[in-house]
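J.: If you scroll down you'll find the structure; I have some questions about it.
2 protein chains.
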Amino acid sequence: MSGPQPIAIGLNAVIVAVTAEVPRILTVRAPATKPPLDALPFGPLEPATDRTLDRALRRWVGEQTGLGLGYVEQLYTFGDRERDPREGRGGSRLVSVAYLALVHERAASTAGAEWRDWYEFFPWEDWRRGRPPVLEEAIEPALERWAESAPDAAARRERRERADIAFGLRGVGWDGDRVLERYELLYEAELVEEARRDRAGRRAAAPSSPLLPSRAMVLDHRRILATALGRLRGKLKYRPVVFELLPPAFTLLQLQRVVEALAGVRLHKQNFRRLVETGGLVEGTGRQDLETGGRPAELFSFRREVLRERPAPGVGVPYVRRV
Amino acid sequence: MSGPQPIAIGLNAVIVAVTAEVPRILTVRAPATKPPLDALPFGPLEPATDRTLDRALRRWVGEQTGLGLGYVEQLYTFGDRERDPREGRGGSRLVSVAYLALVHERAASTAGAEWRDWYEFFPWEDWRRGRPPVLEEAIEPALERWAESAPDAAARRERRERADIAFGLRGVGWDGDRVLERYELLYEAELVEEARRDRAGRRAAAPSSPLLPSRAMVLDHRRILATALGRLRGKLKYRPVVFELLPPAFTLLQLQRVVEALAGVRLHKQNFRRLVETGGLVEGTGRQDLETGGRPAELFSFRREVLRERPAPGVGVPYVRRV
DNA sequence: CTGGTTATGCTCACGATGAGCATTGAGTTG
DNA sequence: CAACTCAATGCTCATCGTGAGCATAACCAG
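First to last, the protein sequences are chains V and Z.
Read left to right, the first sequence gives residues 0 to 322 (numbering that gives the first Met the number 0).
Read left to right, the second sequence gives residues 0 to 322 (numbering that gives the first Met the number 0).
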């Protein structure tokens, strides 16, 4: 079944927490990279002892970081040959199954690992303070140059089309879920470090735009991260996953801030309240939070029964309309 | 990285077509099963030559069936130890990446393979002629016995709760997307052949209900199939994937029938027309289909531009309301 | 007590959706 | 050829979810 080149299989974890309105992911320092690079936690599947892939993940995350994972979801399996430059030169082909895990704010015992702001890797994804300036200043002109540099008119048109859809340009609205599409486009246009690194040694560089200011990762880990953010944003809308990131009792504003942090957009406060309250997602506890700075807020908790009542309960994050 | 027991990796394909209002999947005959069993097409990843997993899939599907795949999407990676009974007894651990592929009606050159009605495997999923009788006649009472047989009151309550949500019982509505959840529940309750087969040799049988009338598959292939149907039903709503299953020009009723076949529900004709027309999903070609049996229908084609205009264009399949 | 701050309540306009009636245009039938 | 059948197509209406904003309540700091 396996050819002359052997296959190795491993698991990657995107572990997410939200603290102080910042979505964070757990990263480790990659062992032997010259400018030290972030990597996603990685661990093996022990075929003899791990009954399932999930369990393998929980096992080694526990061993490596002491973290007990709650919500865990399989994301995607990455198996491109080019993902690891050592492959094809004697190394074995590495297939990696990526998982998304959500943990509560507090669970933060992380030996040897570091929490990083998700948006350091994707600055163009955070629209909470309006449209990120990097779009207008760097991404739009660079993508335009990239489209312009296509060999023929049809290819140029196709590139512009893709850029418009991914980044919501020229009358197309911004779709928060297309995180992966955007990252892959930037990779193709060689605007992220990984693209140039992977290309090194192959064909000569096209006349290229400067790299975007953003944090790179080893191998294709930033692609995995983009997959995770996109999936999480999509899932927010039809499954009550936010609550995995919150303490058992919270104010509605805290809830809203976590959703906003992940969705990367600001929401209308009163409508958000109406949505989660009339949607039956939360129930008041009667207790209050007096630390709000204004009128005390009631503490709410997640209403599990909502799963019985509505087929797709989630916090409807609106699309950003045409610009 | 791999322990004493080696890991093998392979790809499974769920290849879907819709003909004559029947959603069909391509199956092969499993080599050595005593009552001959259906299996999903399976092929290896050739680590030395297959650049990506997608390409590996397309390659061996082409080699085995002559079928050229269009739309292809990764579904899920299955790696439970129990998926293959030979594992742990000298066999290697088999991890399999499952893909969903959609092909046009006509592309049907299938040497050695057979197209099977998807609903033979999941008779409870087809609500087009109303609520499937098997629910009331067999599933509901069997699930009730299963819940009843739980060790304590809390477990009984939890089992009923899960059954209610999955199958839309006691005031919960039927959610077409929960195909996998339903199959897994039936597996746990040992109402499908696979569950009894997998259990054979382990603990003694609980007092069990008769098997449901439905077609079984090898290993965990029916679970993969359930994953595929659920994913496809979900995707219909926010991505224009139906068109992958249709010829370039079609009448609106043909389109509707394909959606209904997959969603497993009947739709309101006029509203469906309004949805796809005002949603900009299709455009008239000016040509007509005279074979309708009534007034001739205009032939439509998919409007690719819709991807530019709307963030989540799909055919909104309604939930079935509380019963 | 006053202004600042946040929580919470409520209204209004609008577009999307579910349901059904009405009409059109082909083939079929006496 | 008029009546009839069968779908396709056009249109209306009630309802509901959603975006936006005004208004009021309840705490704190000065």
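A virtual CB, placed ideally from N, CA and C, is assigned to each residue, including glycine.
Ordered along the chain, which non-local residues of its own chain (more than five positions away) have a Cβ less than 7 Å from that of Pro295 of chain V?
T.: Here the set comprises Gln287, Asp288, Leu289.
J.: Establish whether the CB of Leu68 of chain V and some CB of chain Z are separated by less than 8 Å.
T.: Chain Z contact via Cβ: absent.
J.: What are the partner residues of Pro209 of chain V, as DSSP defines its beta bridges?
T.: Beta-bridge pairing links Pro209 of chain V to no other residue.
J.: Using a C-beta cutoff of 8 Å, does Arg256 of chain V count as contacting chain Z?
T.: Not an interface residue.
J.: Run through chain Z and tell me which residues come within less than 8 Å of Thr76 of chain V, C-beta to C-beta.
T.: Going along chain Z in sequence order, the residues near Thr76 of chain V (Cβ under 8 Å) are Leu52, Gln73, Thr76, Val96.
J.: Work out the CA separation of Glu113 of chain Z and Leu39 of chain Z for me, nearest whole Å.
T.: In a straight line, the C-alpha of Leu39 of chain Z is about 10 Å away from that of Glu113 of chain Z.
J.: Evaluate contact between the stretch 51–63 of chain Z and the stretch 231–239 of chain Z, counting only Cβ atoms and requiring at least three cross-stretch pairs below 8 Å.
T.: No contact exists between the stretch 51–63 of chain Z and the stretch 231–239 of chain Z.
J.: Just the C-alpha distance for Arg265 of chain V and Arg128 of chain V, rounded to the nearest angstrom, thanks.
T.: Approximately 8 Å between the Cα atoms of the pair.
J.: Which residues of chain V have a Cβ atom closer than 7 Å to the Cβ of Pro132 of chain Z, listed in chain order?
T.: In chain order: nothing, as chain V lies at least about 23 Å away.
J.: By the DSSP assignment, the beta strand (DSSP E) with Gly285 of chain Z in it spans what residues?
T.: Taken as a continuous stretch (DSSP letters only), the beta strand (DSSP E) holding Gly285 of chain Z covers 281–288.
J.: Count the other C-beta atoms from every protein chain shown that fall within 10 angstroms of the C-beta of Pro140 of chain V, then say buried if there are 16 or more, exposed otherwise.
T.: That one is exposed.
J.: Count the other CB atoms, across all protein chains shown, that sit within 10 Å of the CB of Asp176 of chain V; report buried if there are 16 or more and exposed otherwise.
T.: Asp176 of chain V comes out buried.
J.: Any C-beta of chain Z sitting closer than 8 Å to the C-beta of Val305 of chain V?
T.: Not one chain Z Cβ lies under 8 Å of Val305 of chain V.
J.: Mapping DSSP to helix, strand and coil, what is Asp125 of chain V?
T.: Three-state DSSP puts Asp125 of chain V in coil, outside helix and strand.
J.: Can you list, in chain order, the residues of its chain with a C-beta nearer than 7 Å to that of Ala12 of chain Z? Leave out the 5 residues immediately preceding and following it.
T.: Leu39, Pro40, Leu56, Val60, Tyr98, Ala100, listed in sequence order.
J.: List, from N- to C-terminal side, the alpha helix (DSSP H) runs of 4 residues or more that fit wholly inside the stretch 10–74 of chain Z.
T.: Those alpha helix (DSSP H) runs which fall completely within the stretch 10–74 of chain Z and span 4+ residues are 52–64.
J.: Can you tell me which of the three DSSP states Ala194 of chain Z falls into?
T.: Three-state DSSP puts Ala194 of chain Z in a helix.
J.: When you compare only the Cα positions, how much space is there between Pro310 of chain Z and Ala19 of chain V?
T.: Each residue's Cα considered, the two are about 30 Å apart.
J.: Can you check which of these residues, Z:Ile14, Z:Val17, Z:Val94, Z:Val27, is closest to Pro5 of chain Z by C-alpha distance?
T.: Closest by alpha carbon: Z:Val94.
J.: Since Arg57 of chain V meets chain Z, which of its residues come closer than 7 Å, beta carbon to beta carbon?
T.: Those do not exist, as Arg57 of chain V stays about 14 Å from chain Z at its closest Cβ, beyond 7 Å.
J.: State the DSSP-derived secondary structure class of Trp173 of chain V, mapped to helix, strand or coil.
T.: Correct three-state label for Trp173 of chain V: coil.
J.: Per the DSSP calculation, Ala112 of chain Z is bridged to which residue(s)?
T.: In DSSP, Ala112 of chain Z forms a bridge with Z:Val27.
J.: Measure the alpha-carbon distance for Ala227 of chain Z versus Leu52 of chain V and round it to whole angstroms.
T.: Whole-angstrom Cα-Cα distance: 19 Å.
J.: Going by DSSP in three states, Leu168 of chain Z sits in which element: helix, strand or coil?
T.: In the structure shown, Leu168 of chain Z sits in coil (DSSP, three-state: anything other than H, G, I, E or B).
J.: Ends of the alpha helix (DSSP H) at Arg92 of chain Z?
T.: Where Arg92 of chain Z is concerned, there is no enclosing alpha helix (DSSP H), although the beta strand (DSSP E) it sits in stretches over 92–101.
J.: Find out if the Cβ-Cβ distance for the pair Ser213 of chain Z, Phe121 of chain Z is shorter than 8 Å.
T.: A contact, by the Cβ cut-off of 8 Å.
J.: For Pro131 of chain Z, I'd like the list of residues in its chain whose CB is within less than 7 Å of its CB, leaving aside the five on either flank, ordered along the chain.
T.: Here the set comprises Pro122, Trp123, Asp125.
J.: Using only the alpha-carbon positions, how far apart do Thr76 of chain Z and Gly292 of chain Z sit?
T.: Rounded to the nearest angstrom, the two C-alpha atoms are 46 Å apart.
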